[in-house]
Amino acid sequence: MEGVAILSLLIVVVISYGFSCVQSSNVYLGIHCIESEKNALIKFSQGFKNPPRNMLSWMLDENCCQWKGVECDNTTGHVITLDLQKQFLQGEFGISLLGLPHLRHLDMSQIDFQGAHIPDFISSFKNLEYLNLSKTNFRGDIPENLGNLSRLQFLDLSGYYSLRVNNLKWIQPLSSMKILDLSGVNMRSAENWLHDINMLSSLSVLRLSACQLTTFPELLPTFVNFTSLRILDLSLNYFNTSIPSWLLNTYHNLVYLNLSRSQLDGLLPNAFGNMSSLRVVDLSENSLLGNLTHSFEKMSSVSFLDLSRNSFTGYLPPTLPSKLKYLDISDNQMKGPLARSITQLKQLVVLNVAQNFFSDSITEHFLNFSDLRMLDLSSNSFIFNVSATWMPRFQLDSISLQSCQHGTQFPQWLQTQNGLSFIDISRSNISGNVPDWFWNFSAKVHHINLSQNYFRGEVPEFTERVHLTKLDLSDNNFHGPLPHFSPNMMTLILARNSFNGTIAPVCESLVMNNSLSLLDLSSNSLSGQLLDCWRYGKNLQGLNLAHNDLSGEIPHSIGDLANLFFLQLQNNSFSKNLPLSLKNISGLKILDVSENSLSGKIPNWLGESLNTLEILKLSRNKFDGIIPREICQLKYLYFLDLSSNALSGVIPRCVDNLRTMSGEEEAPSFTYGPYADYRIHGILIFKGSSYYIIFRWFFIVFDLSDNHLSGEIPEEITSLTALRGLNLSWNHFTGAIPRYIHKMQNLESLDLSRNKLSCTFPPDIIQLSSLEAVNFSFNDLTGEVPHGYQFDTFESNSYVGNPNLCGFPLSRVCSDNLHEDMIDCSNNNNQEVHEQGENNNWLEEFSFYISMGIGFNTGFLLFWVTLMLKKSWRYAYMRCLENMGNKIYVFAAIRLRKIQAAKTVTNCPN
15 MEGVAILSLL
25 IVVVISYGFS
35 CVQSSNVYLG
45 IHCIESEKNA
55 LIKFSQGFKN
65 PPRNMLSWML
75 DENCCQWKGV
85 ECDNTTGHVI
95 TLDLQKQFLQ
105 GEFGISLLGL
115 PHLRHLDMSQ
125 IDFQGAHIPD
135 FISSFKNLEY
145 LNLSKTNFRG
155 DIPENLGNLS
165 RLQFLDLSGY
175 YSLRVNNLKW
185 IQPLSSMKIL
195 DLSGVNMRSA
205 ENWLHDINML
215 SSLSVLRLSA
225 CQLTTFPELL
235 PTFVNFTSLR
245 ILDLSLNYFN
255 TSIPSWLLNT
265 YHNLVYLNLS
275 RSQLDGLLPN
285 AFGNMSSLRV
295 VDLSENSLLG
305 NLTHSFEKMS
315 SVSFLDLSRN
325 SFTGYLPPTL
335 PSKLKYLDIS
345 DNQMKGPLAR
355 SITQLKQLVV
365 LNVAQNFFSD
375 SITEHFLNFS
385 DLRMLDLSSN
395 SFIFNVSATW
405 MPRFQLDSIS
415 LQSCQHGTQF
425 PQWLQTQNGL
435 SFIDISRSNI
445 SGNVPDWFWN
455 FSAKVHHINL
465 SQNYFRGEVP
475 EFTERVHLTK
485 LDLSDNNFHG
495 PLPHFSPNMM
505 TLILARNSFN
515 GTIAPVCESL
525 VMNNSLSLLD
535 LSSNSLSGQL
545 LDCWRYGKNL
555 QGLNLAHNDL
565 SGEIPHSIGD
575 LANLFFLQLQ
585 NNSFSKNLPL
595 SLKNISGLKI
605 LDVSENSLSG
615 KIPNWLGESL
625 NTLEILKLSR
635 NKFDGIIPRE
645 ICQLKYLYFL
655 DLSSNALSGV
665 IPRCVDNLRT
675 MSGEEEAPSF
685 TYGPYADYRI
695 HGILIFKGSS
705 YYIIFRWFFI
715 VFDLSDNHLS
725 GEIPEEITSL
735 TALRGLNLSW
745 NHFTGAIPRY
755 IHKMQNLESL
765 DLSRNKLSCT
775 FPPDIIQLSS
785 LEAVNFSFND
795 LTGEVPHGYQ
805 FDTFESNSYV
815 GNPNLCGFPL
825 SRVCSDNLHE
835 DMIDCSNNNN
845 QEVHEQGENN
855 NWLEEFSFYI
865 SMGIGFNTGF
875 LLFWVTLMLK
885 KSWRYAYMRC
895 LENMGNKIYV
905 FAAIRLRKIQ
915 AAKTVTNCPN
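Okay, so the sequence shown: first residue is 15 according to the working numbering, each after it adds one.
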C-alpha cells in the first residue's frame, strides 16, 4: 500500500507539472511582439558588422518576443528588455531603437561602438530602470540629459578611461538610483561629486574606481542622504589625504569598502574598528601609518582584509576577526610574533604576511588550517620547526617561503601538497640534491623558484612539463648540461650555477610557436660557438648569456629577436664585428657586449636604428676609429661605457643632445614592468691610482676611459647635468678642465687622470657639492688645488703627478706669482681652443674636397668615353647642342630688339 501511495503521489505531481507547463507555454506563445517594435529591432541589428550565431533566432523566428536577449511584457507584448551583453558585437547605436518606447531594461555592455558618443536620444526612454553601457568604447562627455531618466535604478557607464564628466549635477534628479558604477570615467573636474551623489537617498552600491578623483572632503555635507550604502569602491584615485572619520561614522550598513591605491595617508581613524557590518576591506597600496592594535576588535564580520603595501608598524592585534578567510598584510613594517594572532583563524584560505619584520617559530600547531590554499611567509625571520613526517591538514595551491629557514634539508612535507601550482623556497640556505619526487610531484606547477640556495646535482629535462612557465634555479651549484624545456616555458633563469657544455639544448627547445620571453644563462661554464638558431625566438624580450666562455661571431639571427628588451653578452670571447642585423631590434633598451674581443669601428647604425637604447656598454673590446656622431641621437641613453678600447679622435660636440644625461628626459625605472623582479647585474669600475668606485645600473654614467682620445674636453659635456659619474681617464686630452664643469651638480665621481690637461682649476669647481671621489692625477695642471666643501676631504693621491700644483693636501706651498701664471694659462687656453677647433675640422674638409673631385672626374670621364664609343649617342648629343644654340640665339635676338625699341620710344619728343 505504501508503494501505491507513493506512485499515486508521483502521478499527481507529474500531471500538475505538465498542466502548469502547458499553461505557461500557452501564455508565452500567445504573446506576439508589436510589428513596429520588431522592425525597430531588425533595423537596430543591421547596424552591427558581426552578428553572432546566438542571434540567429532574430532571423528564423517570427515572434521577436522569443528572440535571444529580448523580453516582452506578458500583457501588452511591448518589448521591455533588450540584453545584448557580451555578444562581442561591433557597430553603431542606431536611432531606430527609439521604436522601443516601453524599454525598462537596456544592457549593451561590452559592445564596441567604435569611439562614438553616447547618443542624446537615450534620455527619451522614460520607462528605463536599468541601463548598462559598460565597456562599450563610447567616448567623450556623458550627456547630462541622462538625468531625465527619473525611473532609473541601475546605471553602469564604467569602462576604459574614454568617457568624461565635468560635474554630477545631472545625477541629482535620479532619486530612485540604487546602483551607480562610473568606474574609469574621468571625473577630475567634478570637485563636488560627493555633494551631488548625496542626493541619491536610495543608493546602495557606489563604484567610482579609477575616476581620477582628487578631492575627498574631510567634512560631511550639511546632511547625509545616502545612508543605505552597502558597497563603496573609491579605489585607484588621487586623494592625497587621510581617511575622513565621517566615512566610518555614517555608513553602519557598509559591507564592502575598497579604498586601495588611492594615495591615502595618515593614521587609521579610531572609528574604523566600529564598522561591525563590514565583510570586505581593501586599503592596500596606500601610505597609511600607525599600528593595528585595536583596529579590528569589533569587526566580527570581516572575511576579507587587505592592508598590503602600506607603512603599518608594530604588532598584530592579539585578536583578529574569527571569520577571516583572506588576510594580506604584506609589504609593511610590522614586527613581533605571528602565531598568537593567526592560530585562531580556523577559516583562513589566504595568508600573506610577506616582507615585514615578523619573527616566529613555525610549528605544526601554527599551521593547523584545513582550508588554507595560499601561504606566503616570505622575507621575514621565520624558522620552520616541523617533523619530517608532518602531514598538514591543508592542500595548498601556492606557497612562498622565501628567506624562511628550514634547516639544510629539503622540506619533506611539501611532498604532501599534490595540487601546488606556485612554489618559491628561495634564499632558504637549503643544500644537497633536490629530491627526485620534487621535479615530478605536481603536474599543475607553473612557477618554481629555488634560487639562492646551495642545491647541487644535475637538472632533469622539462620537455614534458607543459604547465611549467617559469623556472628560476639561479645562484646554486647545479651542474651538467643545460636542460631541454617545453614550448610553454616563458621564463628560464639558470644564472650563476656551473652548467657546462654548449647551448644546443636551448636551440633544440626553441621550436616554432614557443613562448620563451626571458632566458638568463649568465655566469655558468658554457662554451663553444653561439649557434645561429634564434629565428624562432620571436617572443624573447630578455636574453642574458654573459660571463660564460662562448666564442666565435655573434650570429646573424640575433637580429631576428625583434621584441628584445635587453641583450647581455658581456665577458665571453666573441670576436669580429657587431652583426648588422642588430639594427633590426629597434626597441632594444640595454646592449652590453663588453669584455669580449669584438673589433672594427663602432657602427653608425647604433645611433640611427637603436634610438631607444638606455644602456650601451662596449667596453673592454678592440673597437677602433672615432666615436660616431650618431651616438648623440641616443637621447634616452643614461649609461654609456666605451672604455678600454682603441678609440681615437675627439669627443663629439653633439653630446649635449643626450637628453637623459642632460636632465631633459627622466631616467627610466625598472620598478614596474615585466621584469620588475629580475635584477640586471653589472658594475662600472672607475679607475684611479689607488681606488675604484662601483656604480649600479641606475647611475647616470659617461665613461670613455682607457682609449686614445685626444683634443680638448668639449664644453658641451658640462650640459650633461644629470651625470653622476664621468670618467675620461687614461686618454690624451689636452687643454683646460671645462670652465663650466660646476654645472654638473649631480656628479659623485669625476676621473680625469692620466691625460695631458693643463692650466688651473676652474674657480667654480668647488660648487660640485655631491662629489665623493675625484682623480686629477698625472696631468700638467697648475695653480692652487681647490679647497672648500667636498674638496677638503680628498687626499693627495687625487692630485699626484701634477708638478705645478700647490696647496693642501699637497706638500708644495703656492708661490707669490701664482696669479700671473693663471692669467697666462687662460690666454693660452683660448688660443689653443681655436687652433684645436681648426685641427679637428681639417680632415673632414679635406675628405669632402677629395670626394667631390673624384666624383666629378669619374662622371666627366664616363660621359666622354660613352660618346666616343656610341655613334648614335654622339649624333644625338650634337643635335641637342645645335638645337640649344639655336634657341639661345633666337632668344638673344628677340630680347635685343625689344631693348632697342624701348630706347627708341624713350628718345621720342613729347
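Where is the CB? At the ideal position from N, CA and C, for every residue including glycine.
- Shown here, residue 655 sits in a strand according to DSSP, grouped into three states.
- Rounded to the nearest whole angstrom, the C-alpha separation of residue 740 and residue 663 is 18 Å.
- In the same chain as residue 730, and ignoring 5 residues on each side of it, the C-beta atoms closer than 6 Å to its own belong to 667, 669, 670, in chain order.
- In the three-state scheme derived from DSSP, where H, G and I count as helix and E and B as strand, residue 287 is classed as helix.
- For residue 85, the beta-bridge partners assigned by DSSP are 95.
- In the displayed model, residue 798 falls within a strand according to three-state DSSP.
- The beta carbon of residue 727 sits closer than 6 Å to those of 747, 752, all from its chain and outside the five residues before and after it, given in chain order.
- If you draw a 10 Å sphere on the C-beta of residue 904, you find fewer than 16 other C-beta atoms in it, and that means exposed.
- Within 10 angstroms of the beta-carbon of residue 52 lie 16 or more other beta-carbons, which makes it buried.
- The residues 592, in chain order, have a CB closer than 7 Å to that of residue 617 in the same chain once the five nearest residues on each side in sequence are set aside.
- For residue 386, same chain residues with a beta-carbon under 6 Å away, outside a window of 5 residues either side, are 362, 408 in chain order.
- In this model, residue 124 and residue 672 are separated by some 45 Å (Cα to Cα).
- Closest in C-alpha terms to residue 346, from the list 756, 879, 725, 393, comes 393.
- Inclusion of residue 152 and residue 127 in the CB contact set at 8 Å is warranted, their separation being smaller than that value.
- Of the candidates 173, 189, 196, 196 places its Cα closest to the Cα of residue 181.
- Nearest Cα to residue 717 within the set 725, 763, 749: 763.
- Note on geometry: alpha-carbon atoms of residue 119 and residue 713 lie some 59 Å from one another.
- Beyond the five residues adjoining it in sequence on each side, residue 562 comes within less than 6 Å, by CB distance, of 538, 540, 586 in the same chain, given in chain order.
- Under the DSSP assignment, residue 295 falls in the beta strand (DSSP E) whose first and last residues are 294-296.
- One thing to note: residue 413 has its Cβ no nearer than 8 Å to the Cβ of residue 398.
- Scanning its chain for C-beta atoms nearer than 8 Å, with the 5 sequence neighbours on each side dropped, one finds around residue 327 the residues 303, 304, 305, 346, 347, 348, 349, in chain order.
- Residue nearest to residue 823 within the set 910, 799, 609, 470 is 799 (criterion: CA-CA distance).
- Of the candidates 205, 193, 513, 193 places its Cα closest to the Cα of residue 167.
- Counting only runs of at least 4 residues, the region 505-558 fully encloses the following alpha helix (DSSP H) elements, listed from N- to C-terminal order: 518-523.
- In the DSSP assignment, residue 46 forms no beta bridge with any residue.
- Judged by DSSP in its simplified three-state form, residue 178 adopts strand.
- Contact annotation: the region 569-579 does not touch the region 618-631, with fewer than three C-beta pairs closer than 8 Å.
- For residue 232, the three-state secondary structure derived from DSSP is coil.
- Between residue 134 and residue 159, the CB-CB gap stays under 8 Å.
- Considering only 901, 653, 734, the residue with the shortest C-alpha distance to residue 608 is 653.
- Here residue 425 is buried, its C-beta having at least 16 other C-beta atoms within 10 Å.
- Pairing residue 170 with residue 146 gives a Cβ-Cβ distance under 8 Å.
- If you check the CB distance, residue 323 and residue 355 do not come in under 8 Å.
- Note that the C-beta distance between residue 245 and residue 227 is not below 8 Å.
- For residue 442, the closest alpha carbon among the candidates 418, 202, 816 is that of 418.
- Nearest C-alpha to residue 390 among 370, 136, 406, 640: 370.
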